[in-house]
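Let me begin by presenting the structure, written as C-alpha cells, before commenting on it.
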Amino acid sequence: MTVNELSARLDSILREVPDKDFDKMCLMEDLCGVTREQMAIYPDKKLSEAAVNAAVKGARRRAAGYPLQYILGKWEFYGRSFKVGEGVLIPRPDTEALVDETIARLGRNKPHGILDLCSGSGCIAVTLAKELPESSVYAVELSPEAFPYLAENVRANGAEVKLLKGDVMNGALLENFRISEEEYLDIDCIVSNPPYLTDREMEELQQEVTFEPETALYGGTDGLKFYRVIACLWKELLKKDGLMIFEIGTEQAEDVKKILTDNGFTDIFTANDATGGIRVAGGYLR
Ligand SMILES: C[S@@+](CC[C@H](N)C(=O)[O-])C[C@H]1O[C@@H](n2cnc3c(N)ncnc32)[C@H](O)[C@@H]1O
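All residue numbers for the sequence shown refer to my numbering, where the first residue is 893 and numbers rise by one.
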C-alpha cells in the first residue's frame, strides 16, 4: 500500500472521529514513520505491511472510541513527552495551568522543596523538576499500574524526582518525610491534581475517559474527598508561608477555597485554565 492509499484507508476508518485529520497524522507519523511533509512529497512511497497493519489496527481502535494517547503510547505535556497506557491518567492541557500557576508563585532560580501528591504519569513532578532545576521534588503515587509510568517518565525526561509509592489518605506516609523527632523535610509547596469527579460525573463520562482508571478519576460522592484529606493531613509538612495548590473541577472553586480556609490557609487564590474556567485553587499556611 502507498502513503496515499493508506491515507484514504484511514480517512474511511476514522470518518466519525471528531479530530480525524489530526488523529490520522499522529497514527501515520508514529506507527508508520511518515511525517506530514513526507505525505505531501512522497504520496506514492510504498509502506511495509507491518506499518500499514499497525496504522489500520490503531485507526480501528480509535474509531471504536479508544483514546489516541493510549494507541500512541505517549503524549506531550508542557513540551515534554510522557509515556502513557492503560492504568495511568493521560496528562491534560488543563493541568498545564496548575504548573504555570505553581511556577509563577514559587519563582524561578530559587531552590524549593516541592511535593506532588497523586502523581500519576509524573507530568507535574517532572515538569516542575525540569523547569525549577534548583528544587528538590518528591512524588507520591499509590496505583501499582501508574507507578511504573511515573518511574519511567522521570527517567526518560532526565528529571530529579524522588518517588514514593503510597496512599496519600494515610497519615503514616508523612513519616517518610521526617528528618528528626520534631522536623520534616523542607517542603515549600504541595501541589496536587487528585481524583475529583463526583458520583454524577462518573455516570456521565465521555466514552474515551471510560478507558482511564477509575482510581485516577473518582473523588468520592461530592468529588472533594482528596482535597479535604490532603489539606488537613499534609499541611503538617509545609514550612511557614508554604503553598498548597490544587487542580480543581470546573464547579469546585468555592468548596475547595472553603476547605483551605477551614484548614487554616490564608491568601486563598484561584486561577483559570486557557479556556477561562477556574481550574486551580490554593492558599498559604502563614
Ligand atoms: C487525577 S489523576 C492525576 C495524575 C497526574 N498528577 C496528572 O495530573 O495527570 C490522580 C492520581 O491519583 C492517584 N491516586 C488515587 N488515589 C490515591 C491515593 N489514595 N494515594 C495516592 N495516589 C492516589 C491515581 O492513581 C492517579 O494517578
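All residues carry an ideal CB built from backbone N, CA and C; glycine is no exception.
Rounded to the nearest whole angstrom, the C-alpha separation of Ile982 and Arg972 is 13 Å. Just so you know, the alpha carbons of Ala1123 and Ile1160 end up roughly 13 Å apart. For Asp1133, the enclosing beta strand (DSSP E) has its first and last residue at 1130 to 1139. Relative to the non-hydrogen atoms of ligand 1, the Cβ of Asn1085 comes within a distance shorter than 8 Å of at least one. Residue burial annotation: Lys1149 is buried, with at least 16 other C-beta atoms found within 10 angstroms of its C-beta.
Residue pairing of Ser1084 in beta bridges, as defined by DSSP: Leu1009, Phe1138. Following the DSSP letters along the chain, one finds Leu964 inside the alpha helix (DSSP H) bounded by residues 960 to 964. Of the candidates Asp1080, Ser904, Glu978, Tyr970, the residue whose Cα lies closest to the Cα of Trp1126 is Asp1080.
Residue side-chain check: Phe1103 keeps its Cβ at 8 Å or more from all non-hydrogen atoms of ligand 1. Of the residues Leu1152, Pro1003, Lys1054, the one whose Cα lies closest to the Cα of Ala1017 is Lys1054.
Non-local C-beta neighbours of Gly950 in its own chain, meaning closer than 7 Å and more than five positions away in sequence, comprise Leu919, Leu923, Ile963, ordered along the chain. Sequence-distant partners of Asn1049 (beyond 5 residues in either direction) whose C-beta falls short of 6 Å from its own C-beta, in its chain, are Arg972, Val1018. Rounded to whole angstroms, the Cβ separation of Cys1010 and Glu1033 is 7 Å, and the two are in contact under 8 Å.
The three-state reading of DSSP puts Val1121 in helix, counting H, G and I together. Annotation for Tyr1076: no beta strand (DSSP E) segment contains it, and DSSP assigns it neither H nor E. In this structure, the beta-carbon distance from Ser1013 to Val976 falls below 9 Å. Taken from the Cβ of Arg984, at least one heavy atom of ligand 1 lies inside 8 Å.
With a cutoff of 8 Å, Ile1137 does not count as near ligand 1, since its C-beta is closer than that to no heavy atom of the ligand. In this structure, DSSP gives Glu968 an extended state, which the three-state scheme calls strand. Counting only the Cα atoms, Leu1077 lies some 55 Å from Ser899. About 20 Å separates the Cβ atoms of Tyr1088 and Phe1039, ruling out a contact at the 8 Å cut-off. With respect to Leu1129, Leu998 sits apart: the two C-beta atoms are not nearer than 9 Å. Counting along the chain, the unbroken alpha helix (DSSP H) around Glu988 starts and ends at 986 to 998.
Taking C-beta atoms under 8 Å as the contact rule, Thr994 and Pro935 fail to qualify, at a distance of about 46 Å. DSSP places Lys916 in the uninterrupted alpha helix (DSSP H) bounded by 912 to 924.
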